[in-house]
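One structure below.
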Amino acid sequence: MEKYIPVVVIKKLEETCTILKALKASGIYSAEITFRTEYAEEAIKLAVKEFPEMKTGAGTVINGEQCKRAIAAGAKFIVSPGLSRDVAEQCKKNDIPYYPGCVTPTEIMEALNLGITTVKFFPANIYGGLKALKALSAPFPQIKFIPTGGINKENMEEYLAYDRVVAVGGSFFVEEALRK
Ligand code: 3PG
Numbered sequence: 003m004e005k006y007i008p009v010v011v012i013k014k015l016e017e018t019c020t021i022l023k024a025l026k027a028s029g030i031y032s033a034e035i036t037f038r039t040e041y042a043e044e045a046i047k048l049a050v051k052e053f054p055e056m057k058t059g060a061g062t063v064i065n066g067e068q069c070k071r072a073i074a075a076g077a078k079f080i081v082s083p084g085l086s087r088d089v090a091e092q093c094k095k096n097d098i099p100y101y102p103g104c105v106t107p108t109e110i111m112e113a114l115n116l117g118i119t120t121v122k123f124f125p126a127n128i129y130g131g132l133k134a135l136k137a138l139s140a141p142f143p144q145i146k147f148i149p150t151g152g153i154n155k156e157n158m159e160e161y162l163a164y165d166r167v168v169a170v171g172g173s174f175f176v177e178e179a180l181r182k
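In our numbering, the protein residues as written are 3 to 182.
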């Protein structure tokens, strides 16, 4: 999987191509377009069509209905701030990776029961950062993490250096890419 997962919030549909182009120019070939705005579904469709070489997924997917729409729009992966059994089932049915937000052992156990082995650790900075992530990973050798929330240029390498971290997510990737 891609090491960097930019959290993208589309406020106007026209921004989609500008943002994906900027990400690509910074060497980032992934985008998590969030269902935080009404444009998510159309933006995913547009991104998939215009940037087929990029891995476009859907973020902030909080129920099965949004998940269905995201998959129909062409999302290649699904991310949630927490864990939704409905979303997990939809993803399994469609053979699409699902990264649910998990910050407690119970949530990780639930993810494992659903056949999920990579979870989003969110909000990483609030739930104890790398120290907490390491403690949480000890009883679950089969689990990999995508810390997200409060990740920035300064701390991302430290997270990525830990072998149980497969990727980092964050909105700062978009801000950085647009600044260039
Ligand atoms: C998310 O939904 O993953 C977060 O809003 C990203 O957090 P950040 O803005 O601190 O990167």
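In this text, a Cβ means the ideal position worked out from N, Cα and C, and glycines have one as well.
- Rounded to whole angstroms, the separation of the alpha carbons of F147 and V167 is 5 Å.
- By the C-beta criterion, the segment 102-117 is judged not to be in contact with the segment 43-50, since fewer than 3 inter-stretch pairs fall below 8 Å.
- A Cβ-Cβ separation of about 6 Å places I145 in contact with T119 under the 8 Å criterion.
- Residue burial is scored here from C-beta neighbours: I35 has at least 16 other C-beta atoms within 10 angstroms and is therefore classed as buried.
- The three-state reading of DSSP puts A126 in coil, since its state is none of H, G, I, E or B.
- Around the beta carbon of M56, 16 or more other beta carbons sit within 10 angstroms, so the residue counts as buried.
- For A45, no pairing in a beta bridge is given by DSSP.
- Taken in chain order, the complete alpha helix (DSSP H) segments of 4 or more residues contained in the segment 12-75 are 17-27, 42-52, 66-75.
- Distances from the CA of E160 to each of I21, L114, G131 were compared; the closest alpha carbon is that of G131.
- According to the DSSP assignment, I148 belongs to the beta strand (DSSP E) that extends over 146-149.
- L116 is positioned such that its CB atom lies closer than 8 Å to that of R87.
- For V10, DSSP records a beta bridge to I35.
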